[in-house]
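Okay, so here's the structure we're looking at.
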């Protein structure tokens, strides 16, 4: 059975095919050149390889749009020059006078064009890092000493041939040294060894090998040698052509720099021989001229200086890296403020340092109210902007002696020495500076902060350090006081006292018990009827979550719902309530317990609406229980409507598109505004019980309800009154134009069985005549009749 190719393999082979075909062609040409010592085969093989290499270097970068284009043009011209020189050399060495230099007239410009092309590839990489420059110079000096003293000087010293020929023979090793410097620089600034890079380096290395071989025979006075001495040049043509044809040629002008690093084995392979060169060369120059020994001495001294510079650079780099790592370990990367680790060290230092008797160490634990709303609605980038702006404000507003640290997502801690009065003043300043409007995504946002304070002088001047106060204890107590500030209404500060520990312990126990109750299905739902105020007939019910703790008894939703919100349990709890309430609705509809137009009203929190899985979960629940979407009413708070993001609005629109109705709960107690009702796809409002309680007694409450009815009528919204407890309230609401009511008048929230029993045999309860106020006290039923 044939194994399938990996994804992308065929495409990669197809794009690399020209380079592979060219290499295969080159192997054949090289084999023919090496195997057949006849001009009829070897000559054409060399010529074809050279012409093919020049054409590939010309066309390949153009096909792949490699940059810089001019650098590749220089390399293509160099290939043409080298080929011309190689073909002319057998004829030129037989000539006398200027004609003997014909091959060099083409080869020398070829080197210049080649060096320009490689320099152009390096130029695109920007400024070379200092470590690459130093390492490159070490290799350059080592290669230069060997080349000059072993090849260039002996070749140039031969006197039985024209001086210009000897000078040119000495020039080629110098070209090779410069070529080595460029290749080393290219290697030290290439992060990824792609095929084109490897092929180019191999090609240039073969050129150096060929020159060295010719230089060795040139020292003995020869200008030509074995035909195989030209084989490195033939292979060089083929490899540079393959490099130009391969798709990775585009990376040669874009490769990233390597980071500063210790000498790897690859670098040591280049630097080691270079460092050993001065010592080895002393054997060869011992009997030479003073100039040769001086060159060797200067070169050796330069390498020592470079080694010292490299060592100093390495030490400085290590020290800078250590400072960076220490800063990262002790500071927050987003704000630049000290983190929890550095904060704890600072608190410990202040606690152990001497201070006046009336001065204490104060810790302020700050948490941003509403940060989760910004982060969940606008995304983490907006949340980061908010954190950065708050950090900048705290730095600017607080005294220079105060330490400000970020210890969590939206949590900051301030530490300062001072009296209790100074601590209170600083807490007020923190509250005020955070409360100023912030600009997030071109929108002005206002947030508040809850601040907990703990210190060593919580008893108004008495030393609170017996037993000694620890840094961990101060931070823990300030954190506890911050949670109490949130429980007291947010946007305020609270001073720690010992009784808070008990409240925190109780909160933790409730949270743990709530998790267990959810996992073991110990929560329950009670249903309170919603009736038609005119006929008294049952029209809907609100599902209300209840929890009876085995040890604490009935725990109020006002206690455990905020805990569920803060801990994230509200999500799974909300899905559980939706599932159980809609399952019960499906059962009642199947049994005929409720009328066909009966609806089930369920509360959803702002955090649930920001849950990306809410729509999917609701769709699945409706499908599972076969409940039509119009039979479901979701109750939201007014705070949802002031969410400045489009996330919540889109969720509400998606819900409404499915036919689910949306009602604003406790309308009139928060941010009631006509603009919000027009902006969001709500279908109704629930008048808060605070306005219903005074009906029949308070003219103001009646006017408020009348205004709500008029506004709702204009917007085609349904009105439901909460907290209806007396027939008088029912009558006033009916006359004011409220269609539906909910409250104790029709029953307390009860379990599903009791709810079904009460309403299975209960007749309609029309408005009782005497309960209706006298004419003139209220006006007509309004636009909803």
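Residue numbers (this note's numbering): 69 to 853. Note that beta-carbon positions come from the ideal geometry of N, C-alpha and C, so glycine has one too. Just so it is clear, the structure is predicted and the values come from calculations on it, not from any experiment.
Residue of the options minimising C-alpha distance to residue i
{"i": "residue 783", "options": "750, 759 and 153", "result": "750"}
{"i": "residue 699", "options": "610, 510 and 559", "result": "610"}
{"i": "residue 436", "options": "380, 377, 499 and 664", "result": "499"}
{"i": "residue 87", "options": "815, 107, 104 and 123", "result": "123"}
{"i": "residue 660", "options": "577, 726, 685 and 824", "result": "824"}
{"i": "residue 350", "options": "665, 101 and 217", "result": "217"}
{"i": "residue 796", "options": "94, 780 and 766", "result": "766"}
{"i": "residue 563", "options": "539, 509, 434 and 162", "result": "434"}
{"i": "residue 236", "options": "637, 261, 401 and 287", "result": "287"}
{"i": "residue 734", "options": "780, 790, 764 and 271", "result": "790"}
{"i": "residue 154", "options": "297, 578 and 369", "result": "297"}
{"i": "residue 597", "options": "723, 818 and 525", "result": "818"}
{"i": "residue 722", "options": "684, 696 and 706", "result": "684"}
{"i": "residue 676", "options": "582, 649, 651 and 716", "result": "716"}
{"i": "residue 477", "options": "455, 485 and 382", "result": "455"}
{"i": "residue 601", "options": "813, 171, 822 and 361", "result": "813"}
{"i": "residue 369", "options": "344, 383 and 159", "result": "344"}
Proximity below 8 Å, CB of residue i to CB of residue j
{"i": "residue 480", "j": "residue 462", "result": "yes"}
{"i": "residue 523", "j": "residue 491", "result": "yes"}
{"i": "residue 628", "j": "residue 615", "result": "yes"}
{"i": "residue 518", "j": "residue 573", "result": "no"}
{"i": "residue 670", "j": "residue 703", "result": "yes"}
{"i": "residue 732", "j": "residue 701", "result": "no"}
{"i": "residue 210", "j": "residue 312", "result": "no"}
{"i": "residue 318", "j": "residue 157", "result": "no"}
{"i": "residue 708", "j": "residue 760", "result": "no"}
{"i": "residue 254", "j": "residue 143", "result": "no"}
{"i": "residue 820", "j": "residue 595", "result": "yes"}
{"i": "residue 202", "j": "residue 378", "result": "yes"}
{"i": "residue 514", "j": "residue 458", "result": "no"}
{"i": "residue 752", "j": "residue 785", "result": "yes"}
Counted within 10 angstroms of its Cβ, other Cβ atoms place residue i as buried (16 or more) or exposed
{"i": "residue 449", "result": "exposed"}
{"i": "residue 137", "result": "exposed"}
{"i": "residue 199", "result": "buried"}
{"i": "residue 694", "result": "exposed"}
{"i": "residue 584", "result": "exposed"}
{"i": "residue 430", "result": "buried"}
{"i": "residue 347", "result": "exposed"}
{"i": "residue 104", "result": "exposed"}
{"i": "residue 747", "result": "exposed"}
{"i": "residue 282", "result": "buried"}
{"i": "residue 95", "result": "exposed"}
{"i": "residue 373", "result": "exposed"}
{"i": "residue 314", "result": "buried"}
{"i": "residue 109", "result": "exposed"}
Collapsed DSSP secondary structure at residue i in the structure displayed
{"i": "residue 817", "result": "coil"}
{"i": "residue 458", "result": "helix"}
{"i": "residue 547", "result": "helix"}
{"i": "residue 666", "result": "coil"}
{"i": "residue 420", "result": "helix"}
{"i": "residue 516", "result": "strand"}
{"i": "residue 134", "result": "coil"}
{"i": "residue 536", "result": "coil"}
{"i": "residue 728", "result": "coil"}
{"i": "residue 672", "result": "coil"}
{"i": "residue 72", "result": "Confidence at residue 72 is low in this model, with a pLDDT of 38, below 50, so its placement is unreliable and the value that follows should be read with caution. Looking at residue 72 - three-state DSSP - the assignment turns out to be coil, as it is neither helix nor strand."}
{"i": "residue 834", "result": "Per-residue confidence for residue 834 stands at a pLDDT of 47, beneath the threshold of 50, marking its modelled position as unreliable; no derived number is given."}
{"i": "residue 433", "result": "strand"}
{"i": "residue 680", "result": "coil"}
{"i": "residue 637", "result": "coil"}
{"i": "residue 222", "result": "helix"}
{"i": "residue 694", "result": "coil"}
{"i": "residue 195", "result": "coil"}
{"i": "residue 788", "result": "strand"}
{"i": "residue 734", "result": "strand"}
{"i": "residue 465", "result": "helix"}
Sheet register partners of residue i (DSSP bridge)
{"i": "residue 474", "result": "480"}
{"i": "residue 28", "result": "There is no way to answer for residue 28, as the model of the chain reaches only from 69 to 853."}
{"i": "residue 599", "result": "606 and 809"}
{"i": "residue 700", "result": "668"}
{"i": "residue 561", "result": "519"}
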